[in-house]
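Student:
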Amino acid sequence: MSHAELRKEWEVRIAAFRASGQSASAWCRAHQLKLHQFRYWLRKIEHKEAVVTPSSKWISVEVDGQPDESRNTLLVRVGQATVEIQPGFDPALLADVVRTLQTLC
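The working numbering numbers the first residue of the sequence shown as 51 and each following residue consecutively.
#1: Assuming the contact rule is C-beta atoms closer than 8 Å, L143 and E134 should be a hit. Round their C-beta distance to whole Å, please.
#2: By Cβ distance below 7 Å, which residues in the same chain neighbour E61 in space, the five residues on each side in sequence not counted?
#3: Below 8 Å CB to CB, which residues in the same chain sit around S120 once its five sequence neighbours on both sides are set aside?
#4: Is I109 helix, strand or coil by DSSP?
#5: Counting C-beta neighbours from all protein chains within 10 Å, is the total for F139 16 or more, i.e. buried, or is it exposed?
#6: Answer with buried or exposed for R160, where buried requires no fewer than 16 other C-beta atoms within 10 angstroms of its C-beta.
#7: Using only CA atoms, which one of T132, R57 and S110 lies nearest to H97?
#8: Thinking C-alpha only, which one of W77, S52 and T150 is nearest G129?
#9: Where does H53 fall in DSSP's three states?
#10: Quick test of your reading: L83 and S75, contact by CB under 8 Å. State the CB separation rounded to the nearest angstrom.
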């Protein structure tokens, strides 16, 4: 059984437990499951549910004047911070910087 299949199986079990109204120990006894395994998967599944992935957001970009062909830089403003981006930038680093600035600004 793959990890994804195992996780799905435990998600179904956790949903059944929540619908049962029983205590974890009583539910595990009734379904012949080990309580420590149940608690392990419960934590994993609750953590997954608690993680919020932000939806994509569009930002407006304003361009002042005519583009200067000799200078290929882009200024990104997040709150009060400005980041200058030049050709050859690292997209992963930029994403990390923007995420950090969003939490701070």
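Built from N, CA and C at the ideal position, the CB exists for glycine as well.
Tutor: With the given structure in hand:
#1: Within the sequence shown, the letter at position 93 stands for residue 143. Within the sequence shown, the letter at position 84 stands for residue 134. Their Cβ separation, rounded to whole angstroms, is 13 Å, which puts L143 and E134 out of contact at 8 Å.
#2: For the purposes of this step, residue 61 is taken as residue 11 along the sequence shown, with counting starting at 1. Excluding residues up to 5 positions away in sequence, I95 lie with their Cβ nearer than 7 Å to the Cβ of E61 in the same chain.
#3: If you number the sequence shown from 1, residue 120 lands on position 70. Bear in mind that the predicted position of S120 carries a pLDDT of just 49, short of 50, making it unreliable; the figure below should be weighed with that in mind. Residues of the same chain with a CB within less than 8 Å of the CB of S120, apart from the 5 flanking positions on each side, do not exist.
#4: Sequence index remark: in the sequence shown, residue 109 carries index 59 (1-based). In this structure, I109 counts as coil in the three-state DSSP scheme.
#5: Residue mapping note: residue 139 aligns to position 89 of the sequence shown, counting from 1. Exposed is the call here.
#6: Since the first residue shown for the chain is 51 and the last is 155, residue 160 is missing from the structure and cannot be characterised.
#7: Within the sequence shown, numbered from 1, the residue matching residue 97 stands at position 47. It is R57 whose Cα lies nearest to the Cα of H97.
#8: By one-based count along the sequence shown, residue 129 stands at place 79. Considering only W77, S52 and T150, the residue with the shortest C-alpha distance to G129 is T150.
#9: Mapped onto the sequence shown, residue 53 falls at position 3. The three-state secondary structure of H53, taken from DSSP, is helix.
#10: Stepping through the sequence shown from its first residue, residue 83 is reached at position 33. Stepping through the sequence shown from its first residue, residue 75 is reached at position 25. Beta-carbon to beta-carbon, L83 and S75 are separated by about 10 Å, too far to satisfy the 8 Å threshold.
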